[in-house]
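**Student:** In this note's numbering, the protein residues as written are 1 to 310.
Backbone N, C-alpha and C define an ideal beta-carbon position, used for all residues, glycine too.
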């Protein structure tokens, strides 16, 4: 009996300690977080938010250290926390650039798909073609900039067609490559505003067509669909408003901002809006809102509409 009692006690302790997670209820938010951050895009969006948040925190930590030094609360006018945060932000920025080393692959996939799945309008087709080609220029230049700035490739290479006695050299200055890569990125962002203008027209046409077909207004599920599309459209507007000043700043040799905090502000705006869009895109679809009329018309196929991707 004593032996059985000891086994029972050990089992209870085992369940209480090692099985403590049995008391934790499954979480939809945790499932969603794992699903979102399990993708390259999701983790990049999170790191982007952290990176630009750090850019805003570091100056305040440095200011606090200087004020504390003047008041006699600390010996040095420097902040170890600011230095640590700055190193983390630099590491995140460097890592995000490295992770984009295979960024050309989805661009090739996108351009191939674009020619096999025509857009609703000719204008959209031309805009997306130009955007795709701008990215075909952006990524190789960014890769060369990254590799050159880390000393992985030389900054000057011999021109392949030059004669042995006449050595022509190609200059691969990382700063120049970085500026030109950002100029092609800025072109993409400007084209995206033209894309959003076309998207807005199509979305308005879709909304009017649904109202005209019904005559009595939109059904709950149609209202839900339109609301989601407008939400995605406005999210993309905010993302591009955040990216536009950044791409212009990095495209100029002297930059656009004298204070680097503006980079943190606009980067954080773009990062939060991108994270929000990605979070909504990876959410499980809600149960459809139906009415008795919609159930009767369940066999009627829905009207085709343009899906504005976030």
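Can you tell me where the beta strand (DSSP E) with residue 171 in it begins and where it stops?
**Tutor:** Unbroken beta strand (DSSP E) run through residue 171: 169-171.
**Student:** Taking residue 227 as the reference, which of 119, 40 and 280 has the closest Cα?
**Tutor:** For the residues 119, 40 and 280, the minimum Cα distance to residue 227 belongs to 280.
**Student:** Report the three-state DSSP secondary structure of residue 158 (helix, strand or coil).
**Tutor:** Residue 158: strand per DSSP, three-state reduction.
**Student:** For the candidate residues 5, 15, 32 and 19, whose alpha-carbon lies nearest to that of residue 285?
**Tutor:** Comparing Cα positions, the closest option is 32.
**Student:** According to DSSP, is residue 24 part of a helix, a strand, or is it coil?
**Tutor:** DSSP places residue 24 in coil when its eight states are reduced to three.
**Student:** Count the C-beta pairs between the stretch 65-74 and the stretch 50-57 that are closer than 8 Å, then say yes if the count reaches three, no if not.
**Tutor:** Because the criterion of three Cβ pairs below 8 Å is not met, the stretch 65-74 and the stretch 50-57 do not touch.
**Student:** Within its chain, find whatever has a CB closer than 6 Å to the CB of residue 134; leave out the 5 residues flanking it on each side and keep chain order.
**Tutor:** Cβ within range, chain order: 184, 187 and 188.
**Student:** So for residue 117, helix, strand or coil by DSSP?
**Tutor:** Of the three classes helix, strand and coil, the one that applies to residue 117 here is coil, per DSSP.
**Student:** Can you give the Cα-Cα distance for residue 155 and residue 41, rounded to whole angstroms?
**Tutor:** So the alpha carbons of these two residues sit roughly 31 Å apart.
**Student:** Under 8 Å by Cβ, that's how I've got residue 240 and residue 193 pegged, so tell me the actual separation to the nearest angstrom.
**Tutor:** Yes, they are in contact, since the Cβ atoms of residue 240 and residue 193 sit about 6 Å apart, within 8 Å.
**Student:** Does the beta-carbon distance from residue 111 to residue 132 come in below 8 Å?
**Tutor:** Result yes, Cβ atoms of residue 111 and residue 132 sit closer than 8 Å.
**Student:** Would you kindly work out how many angstroms separate the C-alpha atoms of residue 334 and residue 25, rounded to a whole number?
**Tutor:** Residue coverage of the chain in this structure runs from 1 to 310, which leaves residue 334 outside it and unanswerable.
**Student:** If you run the structure through DSSP and keep just helix, strand and coil, what is residue 18?
**Tutor:** Residue state, collapsed to three classes: coil.
**Student:** Helix, strand or coil: which one does DSSP assign to residue 54?
**Tutor:** Residue 54: helix per DSSP, three-state reduction.
**Student:** Hey, how far is the Cα of residue 289 from the Cα of residue 99?
**Tutor:** The pLDDT assigned to residue 289 is 48, lower than 50, so where the model puts this residue is not dependable, and the model offers no usable value.
**Student:** Use the C-beta contact count for residue 291: other C-beta atoms within 10 angstroms, 16 or more gives buried, fewer gives exposed.
**Tutor:** The predicted position of residue 291 is uncertain, since its pLDDT is 49 and thus under 50; a value taken from the coordinates is nonetheless stated next. The residue in question, residue 291, is exposed, as its Cβ has fewer than 16 Cβ neighbours within 10 Å.
**Student:** Looking at the unbroken alpha helix (DSSP H) that takes in residue 102, where does it start and where does it end?
**Tutor:** Unbroken run through residue 102: none, as it is neither H nor E.
**Student:** Who are the near neighbours of residue 45 in its chain, counting only those whose CB is closer than 7 Å to its CB and skipping five residues on each side?
**Tutor:** The answer, listed in chain order, is 271, 274, 275 and 278.
**Student:** Please determine, among 145, 233 and 39, the residue with the shortest C-alpha to C-alpha distance to residue 94.
**Tutor:** Ranking 145, 233 and 39 by Cα distance to residue 94 puts 145 first.
**Student:** Given a cut-off of 8 Å, decide if residue 170 and residue 157 are closer than it, judged by their beta-carbon atoms.
**Tutor:** Closer than 8 Å, so yes.
**Student:** Output the distance between the C-alpha atoms of residue 138 and residue 220, rounded to the nearest integer angstrom.
**Tutor:** So the alpha carbons of these two residues sit roughly 43 Å apart.
**Student:** For the alpha helix (DSSP H) holding residue 246, just list the boundary residues, first then last.
**Tutor:** Element bounds for residue 246: 220-251.
**Student:** Please report the distance separating the alpha-carbon of residue 30 from that of residue 5.
**Tutor:** So the two alpha carbons sit approximately 39 Å from each other.
**Student:** Assuming residue 150 contacts residue 101 (C-beta within less than 8 Å), just tell me the rounded distance between them.
**Tutor:** With a Cβ gap of about 12 Å, residue 150 and residue 101 do not count as contacting.
**Student:** Just to confirm my understanding: we take residue 47, look at its own chain, exclude 5 residues before and 5 after, and list those with CB closer than 8 Å. What are they?
**Tutor:** Excluding residues within five positions, the ones whose Cβ falls inside 8 Å are 92, 95 and 96.
**Student:** Indicate whether the contact test is met: 3 or more Cβ pairs, each with one atom in the stretch 232-251 and one in the stretch 204-213, closer than 8 Å.
**Tutor:** Touching, no, given that fewer than three Cβ pairs across the two stretches are closer than 8 Å.
**Student:** Cβ of residue 56 within 8 Å of Cβ of residue 265?
**Tutor:** Yes, the pair counts as a contact, with Cβ atoms nearer than the cut-off.
**Student:** Select from 199, 190 and 90 the residue whose C-alpha is nearest the C-alpha of residue 243.
**Tutor:** For the residues 199, 190 and 90, the minimum Cα distance to residue 243 belongs to 190.
**Student:** At what residues does the alpha helix (DSSP H) containing residue 131 begin and finish?
**Tutor:** That run of the alpha helix (DSSP H) goes 122-149.
**Student:** Would you mind giving the Cβ-Cβ distance between residue 114 and residue 82, rounded to the nearest angstrom? I have them listed as a contact below 8 Å.
**Tutor:** Not quite, the Cβ-Cβ distance comes to about 46 Å (not below 8 Å), so this is no contact.
**Student:** Quick one: does the C-beta of residue 264 sit closer than 7 Å to a heavy atom of the ligand ADP?
**Tutor:** Here there are no bound small molecules, and the ligand ADP is not part of this structure.
**Student:** Inspect the beta-carbon positions of residue 148 and residue 177 and report whether they are closer than 8 Å.
**Tutor:** Contact: yes.
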